[in-house]
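Structure first, commentary second.
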Amino acid sequence: MTEAESSAVDGTAPVKDAAPARNRPPSWWLLLGRDRAAAVGAVILTVVVLVALFGRLFIGDRARRQDLDASLRPPSLGDGVYGLLGTDVLGRSVLARLIDAAATTLSVAVPAVLCSLLIGSALGLWAGYHGGRRESVVMRVADVILSFPSLLIAVVVLYVFSPSALNIVLILAVARIPVYLRTSRAEAAELRSRLFVDAARTFGTPSRHIIYRHILPIALPTLLTVATLDFCFVMLTESSLSFLGIGIQPPDVSWGLMVAQGRQYLQTAWWITVLPGLAIVLTTVSATVLAAWARIATDPAQRWRLTLPRKRRGASAAVPPEMIP
Amino acid sequence: MTTTSAPAPSATEPALDVEGLCVDLNTASGTLRAVDGVSFSVRRGRTLALLGESGCGKSMTALSVVGLLDPAAEVTGGAVRVRGKDTLRMSAAERRKLAGPVLSIVFQDALTALNPVQPVGRQIGEPFRIHRGLSRRQAEEKAVELMTRVGIPEPRQRAKSYPHQFSGGMRQRLLIAMAVALDPDVLIADEPTTALDVTVQAQIMRLLRDLQDERDMAVVLITHDLAVVAQRADDVVVMYAGTVVENGPVHDVFSSPRHPYTRGLLDSVPEDAERGRPLPAVPGSPPELSAVPPGCVFQARCPLVRERCVRERPSLRSTGDGRSAACHFSEELDRA
Numbered sequence: 001m002t003e004a005e006s007s008a009v010d011g012t013a014p015v016k017d018a019a020p021a022r023n024r025p026p027s028w029w030l031l032l033g034r035d036r037a038a039a040v041g042a043v044i045l046t047v048v049v050l051v052a053l054f055g056r057l058f059i060g061d062r063a064r065r066q067d068l069d070a071s072l073r074p075p076s077l078g079d080g081v082y083g084l085l086g087t088d089v090l091g092r093s094v095l096a097r098l099i100d101a102a103a104t105t106l107s108v109a110v111p112a113v114l115c116s117l118l119i120g121s122a123l124g125l126w127a128g129y130h131g132g133r134r135e136s137v138v139m140r141v142a143d144v145i146l147s148f149p150s151l152l153i154a155v156v157v158l159y160v161f162s163p164s165a166l167n168i169v170l171i172l173a174v175a176r177i178p179v180y181l182r183t184s185r186a187e188a189a190e191l192r193s194r195l196f197v198d199a200a201r202t203f204g205t206p207s208r209h210i211i212y213r214h215i216l217p218i219a220l221p222t223l224l225t226v227a228t229l230d231f232c233f234v235m236l237t238e239s240s241l242s243f244l245g246i247g248i249q250p251p252d253v254s255w256g257l258m259v260a261q262g263r264q265y266l267q268t269a270w271w272i273t274v275l276p277g278l279a280i281v282l283t284t285v286s287a288t289v290l291a292a293w294a295r296i297a298t299d300p301a302q303r304w305r306l307t308l309p310r311k312r313r314g315a316s317a318a319v320p321p322e323m324i325p
Numbered sequence: 326m327t328t329t330s331a332p333a334p335s336a337t338e339p340a341l342d343v344e345g346l347c348v349d350l351n352t353a354s355g356t357l358r359a360v361d362g363v364s365f366s367v368r369r370g371r372t373l374a375l376l377g378e379s380g381c382g383k384s385m386t387a388l389s390v391v392g393l394l395d396p397a398a399e400v401t402g403g404a405v406r407v408r409g410k411d412t413l414r415m416s417a418a419e420r421r422k423l424a425g426p427v428l429s430i431v432f433q434d435a436l437t438a439l440n441p442v443q444p445v446g447r448q449i450g451e452p453f454r455i456h457r458g459l460s461r462r463q464a465e466e467k468a469v470e471l472m473t474r475v476g477i478p479e480p481r482q483r484a485k486s487y488p489h490q491f492s493g494g495m496r497q498r499l500l501i502a503m504a505v506a507l508d509p510d511v512l513i514a515d516e517p518t519t520a521l522d523v524t525v526q527a528q529i530m531r532l533l534r535d536l537q538d539e540r541d542m543a544v545v546l547i548t549h550d551l552a553v554v555a556q557r558a559d560d561v562v563v564m565y566a567g568t569v570v571e572n573g574p575v576h577d578v579f580s581s582p583r584h585p586y587t588r589g590l591l592d593s594v595p596e597d598a599e600r601g602r603p604l605p606a607v608p609g610s611p612p613e614l615s616a617v618p619p620g621c622v623f624q625a626r627c628p629l630v631r632e633r634c635v636r637e638r639p640s641l642r643s644t645g646d647g648r649s650a651a652c653h654f655s656e657e658l659d660r661a
């Protein structure tokens, strides 16, 4: 055994920067703490989720209570908690409506993204791994879905059926499946010819185990990144559907619907449109930043980058700490 | 063992018997024969070396034995028998049951043969989960035992490391650990030491030998390294352009080759090279698969070539003492 090997093995190598014990992966909290942007993103997302889950308990019917005397009041500190962010044309509190809309928006976007992620990746990995006819069939289905403008399908379906939240989720999920299908098929088709997949086959691993244990873990970070980007897309599509009047129906409210409804007052009352727009942007940016972090943190060969102190990160730190003598 | 009910082969019966194996490659410009009628067999406890230069079909032979040929290649004839059954005529499910407990392979490139995002302990334990239905924890326990056996220091901690955190030699040990996990009858080692430096090579070869003695495996060693063959193998099969040109016990073949190609290979070992004198070599290069001549495959490079060699392909015929050679004039070489 070479000297480098033995010192790496017995763990006495003088690893600088007090990196955690080599064979215990550093805790997720630590990794998150080292990436400030991702930490902020995580906090924002947590707040949004908590608000969506429990916000309605606190606001009661504030989101729907009209008060025409208080119409179009700008944000101010003088009108109590519910006046903080101003009121809309019917005198409803924008803050209360934002909180109420958070729940609606997430309850459409999250299930839609999860459904298309699960169905799309499962089919795509299966098709890509097996190739041949199975692959052709699945990919042609994806082409068919993609060849219809998704907004058109949405309009037709939601016109024929009732525009309920469930239908919106289904439409959005189906419309986005091809994205995951294509990504995961490409990954699986590339990975199936790697030697470790052959190696797994030499001891008789059934294909479902190969897909689950060898291919999925490598494809997953990519798929999750695609999913967070798609999360933004789904939220925006939901807004356009609401804008067209076939999405979320009043008196329910979503962020997209708020943007749509406030549009005509944009010149006189910017807060009705801008604030929910800001909520959409903040949520999606947080999700994207967190996805970028997760991509690095879940890759064993890249994870060390997050364990370095801030000043050593970047181009100068191209060598993993365990390789530095 | 729960997975296979076939009886273990007796001592005299070969653990692996390959007979007349033919592999065709379907390319855009037509069908090429990459492996042409290769036969060999190996008993438990013995080591057979498949020797030949790059592109002579030795890896292709190995891959068809374990059933990993890529879709462009097709086995068109012959038989690969393990435990008395022909694996080429088995269903995929039957074959999967043999893969691991009966037949396994060590690849050349250990880094790409290990999954980069799985801790090695989990990968080495995988055969146990598939064939013996152990839980993940039990399988990892077994993996730690195996890692101890192949000489990984601090196996319990190292089982949680990822492949890129190991050196080349250690990775090769991990692959070997995975290959011997289920106590196979036959272990195929496809150039297991080519990517390693000489000292590590020696360690890996010693490890392979120890494991072979301990588990009474048949080993098929695929290599182009004459020294490895001389030290390590009992029998040798010399391949050239997809065919077997000579086989027999290593000692006999190396001391008195009966095929001009084997002779040329042995002569090209620079053991008493002198400064200033050109090193002896086999002139020319092997024929393209698309242009293998109708007569003897070696005719273009053979010092003994005659008119008969161009006309007629010599078959592999016995030359006594358990040896055979595919040359019309092997007796001449013997005398020389």
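Which chain is which? The protein sequence lines are C and G, in order. Heads up: the first sequence begins at 1 in this note's numbering, then just goes up one per residue. Heads up: the second sequence begins at 326 in this note's numbering, then just goes up one per residue. The beta-carbon is built from N, C-alpha and C at its ideal position, and this holds for glycine as well.
Interface flag, residue i vs chain G, CB-CB below 9 angstroms
i, result
"C/Asp143", "no"
"C/Ala199", "yes"
"C/Ile296", "no"
"C/Arg213", "yes"
Cross-chain neighbours of residue i in chain C, by beta carbon under 7 angstroms
i, result
"G/Ser429", "Thr202, Phe203"
"G/Asp434", "Leu195"
"G/Glu344", "None at all; the shortest Cβ gap to chain C is about 22 angstroms."
Closer than 8 angstroms at the beta carbon, the chain C residues around residue i
i, result
"G/Met455", "The sequence shown places Ile at residue 455 of chain G, not Met. Correct list: Phe203, Gly204, Thr205, Pro206, His209."
"G/Tyr487", "Pro300, Ala301"
"G/Thr437", "Arg194, Leu195, Phe196"
"G/Arg498", "Simply none; closest approach about 10 angstroms."
Short CB-CB distance (under 9 angstroms) between residue i and chain C
i, result
"G/Ala506", "yes"
"G/Arg540", "no"
"G/Glu466", "no"
"G/Arg626", "no"
"G/Gln448", "yes"
"G/Pro517", "no"
"G/Met503", "yes"
"G/Val391", "yes"
"G/Asp395", "yes"
"G/Glu470", "no"
Counted within 10 angstroms of its Cβ, other Cβ atoms place residue i as buried (16 or more) or exposed
i, result
"C/Gln302", "exposed"
"C/Ala52", "buried"
"G/Ala416", "The amino acid at residue 416 of chain G is misidentified as Ala; the sequence shows Ser. G/Ser416 is exposed by the Cβ-count criterion."
"G/Ala418", "exposed"
"C/Val137", "exposed"
"C/Phe161", "exposed"
8 angstroms Cβ cut-off: residues of chain G touching residue i
i, result
"C/Asp299", "Val442"
Identity of the residue in the options nearest residue i by Cα
i, options, result
"G/Met472", "G/Ser460, G/Ser486, G/Ala616", "G/Ser486"
"C/Gln264", "C/Ser254, C/Phe243, C/Gln249, C/Ala279", "C/Phe243"
"G/Thr352", "G/Arg638, G/Ser615, G/Gly647", "G/Ser615"
"C/Ser71", "C/Thr87, C/Leu308, C/Gly80", "C/Thr87"
"G/Glu286", "G/Leu413, G/Arg636, G/Leu350", "Here chain G has residues from 326 to 661 only, and residue 286 of chain G is not among them."
"C/Ser93", "C/Asp61, C/Trp293, C/Ala42", "C/Asp61"
"G/Pro426", "G/Pro444, G/Val391, G/Gln433", "G/Val391"
"G/Leu521", "G/Met503, G/Arg534, G/Arg498", "G/Arg498"
"G/Ala606", "G/Pro612, G/Pro628, G/Gly620", "G/Pro628"
"C/Thr228", "C/Ser207, C/Leu90, C/Val113", "C/Val113"
"C/Ile177", "C/Val274, C/Asp230, C/Gly55, C/Val47", "C/Asp230"
"G/Gly620", "G/Glu539, G/Pro396, G/Ala651", "G/Ala651"
"G/Glu344", "G/Gly362, G/Pro618, G/Gly355", "G/Gly362"
9 angstroms Cβ cut-off: residues of chain G touching residue i
i, result
"C/Pro217", "Asn440, Val442, Gln443"
Contact set between residue i and chain C, taken where Cβ atoms lie within less than 9 angstroms
i, result
"G/Ala424", "Arg201, Thr202, Phe203, Gly204, Thr205"
"G/Glu419", "Ordered by position in chain C, no residue passes the 9 angstroms Cβ test against G/Glu419, which lies about 10 angstroms from the chain."
Other residues of its chain near residue i: CB distance less than 6 angstroms, five sequence neighbours each side excluded
i, result
"G/Ile501", "Val431, Val475"
"G/Val544", "Thr372, Leu512, Gln537"
"C/Gly41", "Ser286, Val289, Leu290"
"G/Val562", "Phe365, Leu375, Val569, Asn572"
"G/Arg369", "Ala340, Asp541, Ala543"
Cβ shell of residue i (< 8 angstroms), same chain only, five flanking positions each side left out
i, result
"C/Pro251", "Arg64"
"C/Gly131", "Ala189, Arg192"
"C/Ala102", "Val48, Val51, Ala52, Gly55, Trp255, Ala279"
Cβ neighbours of residue i in the same chain (closer than 7 angstroms, five flanking residues each side left out)
i, result
"C/Tyr82", "Arg62, Ser93, Leu95, Ala96"
"C/Tyr180", "Ser116, Leu117, Gly120, Ser121, Gly124, Leu223, Val226"
"G/Glu596", "none"
"G/Phe623", "Tyr565, Val570, Pro585, Tyr586"
"G/Met495", "Ile477"
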